[in-house]
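Trainee: Chains as they are written, first to last, in this note's numbering: chain H, 1 to 222; chain X, 223 to 298.
Yeah, the Cβ is synthetic: ideal placement off N, Cα and C, and Gly gets one too.
Here the structure is a predicted model, which means the values were calculated and not measured.
Take a look at this one; I'll ask things after.
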């Protein structure tokens, strides 16, 4: 599996994401945001966490209009796999590759701690190695993770099984406790929690490892 | 020519910052502040002849996220 991890000015979880992908067996290329094209043969694009462009205007808004994001959109339109973690989720919603938006946390505080999640579907390239309804602990670190969308969109996400993860104890005010969602074709995922920060023994928590092994399985067998 | 763009969270979208400002005004003794909504103002210095349609497109594509925000353009 060939993966690309995008780097924007202010990305700071890009190397963690690359490491988690490599440990799952992926061949990873880092791609600077000014590039107009992705390297040939990329299967998966990861959009990492951080504070792209200093969160100016709105989190993810400037990155969503970066040159490399056009290539990301074309990759997704071709049916390619892409996932965004934390700021990456914000970029994917701002780029309209996923529905909804991420607002300031309801309690206004930046929150950095491990939270409980329920795996809401195993029918996705990112969650197949988990058990349906499994409870996992994954770190969050965000100020703007309060997922919102209109009621029709929320009903559709739930009705079509496009909610990937839900918070067990909602930390940020997200509608319907949603922590991560999938696109209609289930190949694009966005989530606020950081599975790449819980992906090896040295992290003291390996609950995020199955996210990356699921992805490897899905892409290699596709 | 100049334009001013007002961006606000849509009605019904929770504005926790506005709520915090309202709370702080109450703590200062300003009674009767029923609600505070916080938005942003963006001033654009534009080439003469820029159309309002073009400014609206700027708003739709970047300045506002119309999933959660509404905008209003004022030509100066």
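Bridge partners for residue 112 of chain H per DSSP, in chain order?
Mentor: Locating residue 112 of chain H in the first chain gives position 112, counting from the first residue. Paired residues: H:141.
Trainee: Following the continuous beta strand (DSSP E) through residue 192 of chain H, name the residue where it begins and the one where it ends.
Mentor: Position 192 of the first chain holds residue 192 of chain H. Segment: none, residue 192 of chain H is in no beta strand (DSSP E) and carries neither H nor E.
Trainee: Using a Cβ-Cβ cutoff of less than 6 Å, which residues in the same chain neighbour residue 26 of chain H once the five nearest sequence positions on both sides are dropped?
Mentor: Position 26 of the first chain holds residue 26 of chain H. Cβ neighbours of residue 26 of chain H beyond the five flanking positions: 1, 3.
Trainee: Using a cut-off of 7 Å between C-beta atoms, extract the partners of residue 170 of chain H located in chain X.
Mentor: Within the first chain, residue 170 of chain H is the residue found at index 170, counting from 1. What residue 170 of chain H touches in chain X: nothing, since even the nearest Cβ is about 13 Å away.
Trainee: Assess, as a yes-or-no matter, whether the region 255-262 of chain X is touched by the region 108-124 of chain H under the definition of 3 or more beta carbon pairs within less than 8 Å.
Mentor: The region 108-124 of chain H, when compared against the region 255-262 of chain X, does not touch it at the 8 Å Cβ threshold.
Trainee: Are residue 90 of chain H and residue 58 of chain H touching if we call contact CB-CB under 9 Å?
Mentor: Taking the first residue of the first chain as 1, we reach residue 90 of chain H at position 90. Taking the first residue of the first chain as 1, we reach residue 58 of chain H at position 58. For residue 90 of chain H and residue 58 of chain H, yes; Cβs fall inside 9 Å.
Trainee: Quick test of your reading: residue 6 of chain H and residue 47 of chain H, contact by CB under 8 Å. State the CB separation rounded to the nearest angstrom.
Mentor: Taking the first chain and counting its residues from 1, the one referred to as residue 6 of chain H is at position 6. Taking the first chain and counting its residues from 1, the one referred to as residue 47 of chain H is at position 47. Indeed they touch by this definition, with Cβ atoms about 5 Å apart.
Trainee: Could you pull the start and end residues of the beta strand (DSSP E) that residue 227 of chain X belongs to?
Mentor: In the second chain, residue 227 of chain X corresponds to position 5, counting from 1. Unbroken beta strand (DSSP E) run through residue 227 of chain X: 224-231.
Trainee: Using 10 angstroms around the beta-carbon of residue 83 of chain H, count the other beta-carbons present and answer buried if the total reaches 16, otherwise exposed.
Mentor: Your numbering for residue 83 of chain H matches position 83 in the first chain. Classification for residue 83 of chain H: buried.
Trainee: Could you tell me which uninterrupted alpha helix (DSSP H) segments, each at least 4 residues in length, are contained entirely in the region 74-131 of chain H, listed from first to last along the chain?
Mentor: Within the region 74-131 of chain H, the complete alpha helix (DSSP H) runs of at least 4 residues are 87-94.
Trainee: Is the beta carbon of residue 168 of chain H less than 9 Å from the beta carbon of residue 177 of chain H?
Mentor: By one-based count along the first chain, residue 168 of chain H stands at place 168. By one-based count along the first chain, residue 177 of chain H stands at place 177. Yes, Cβ-Cβ distance for residue 168 of chain H and residue 177 of chain H is below 9 Å.
Trainee: Apply the 10 Å Cβ neighbour rule to residue 293 of chain X and answer buried if 16 or more other Cβ atoms are within range, or exposed otherwise.
Mentor: Residue mapping note: residue 293 of chain X aligns to position 71 of the second chain, counting from 1. Answer is buried; the Cβ neighbour count reaches 16.
Trainee: According to a CB-to-CB cut-off of less than 7 Å, which residues of the region 267-289 of chain X neighbour chain A?
Mentor: Here chain A cannot be found, since the structure's protein chains are H and X.
Trainee: List the DSSP bridge partners of residue 30 of chain H.
Mentor: The residue you call residue 30 of chain H lines up with position 30 of the first chain. In the DSSP output, where bridge partners are listed per residue, residue 30 of chain H has H:5.
Trainee: In the DSSP assignment, what residue or residues form a beta bridge with residue 288 of chain X?
Mentor: Looking up residue 288 of chain X in the second chain gives position 66. For residue 288 of chain X, which the question treats as bridged, DSSP gives no partner whatsoever.
Trainee: Pull up the distance between the alpha-carbon of residue 250 of chain X and that of residue 241 of chain X, whole angstroms please.
Mentor: Here the question's residue 250 of chain X lines up with position 28 in the second chain. Here the question's residue 241 of chain X lines up with position 19 in the second chain. Whole-angstrom Cα-Cα distance: 14 Å.
Trainee: Whose Cβ in chain H lies nearer than 7 Å to the Cβ of residue 242 of chain X?
Mentor: Numbered from 1 along the second chain, position 20 holds the residue referred to as residue 242 of chain X. Residues of chain H passing the Cβ test: 108.
Trainee: The beta strand (DSSP E) that contains residue 20 of chain H, what's its start and end?
Mentor: Walking along the first chain from the start, residue 20 of chain H turns up at place 20. Looking at the DSSP string, residue 20 of chain H is not in any beta strand (DSSP E); the run it does join, the alpha helix (DSSP H), is 14-24.
Trainee: For chain H, is any of its Cβ atoms less than 9 Å away from the one on residue 235 of chain X?
Mentor: Indexing the second chain from 1 puts residue 235 of chain X at position 13. Answer yes: the Cβ-Cβ gap between residue 235 of chain X and chain H drops below 9 Å somewhere.
Trainee: CB residue 130 of chain H to CB residue 136 of chain H, shorter than 9 Å?
Mentor: Translated into the one-based positions of the first chain, residue 130 of chain H becomes position 130. Translated into the one-based positions of the first chain, residue 136 of chain H becomes position 136. Against a cut-off of 9 Å, the Cβ pair of residue 136 of chain H and residue 130 of chain H comes out as a contact.
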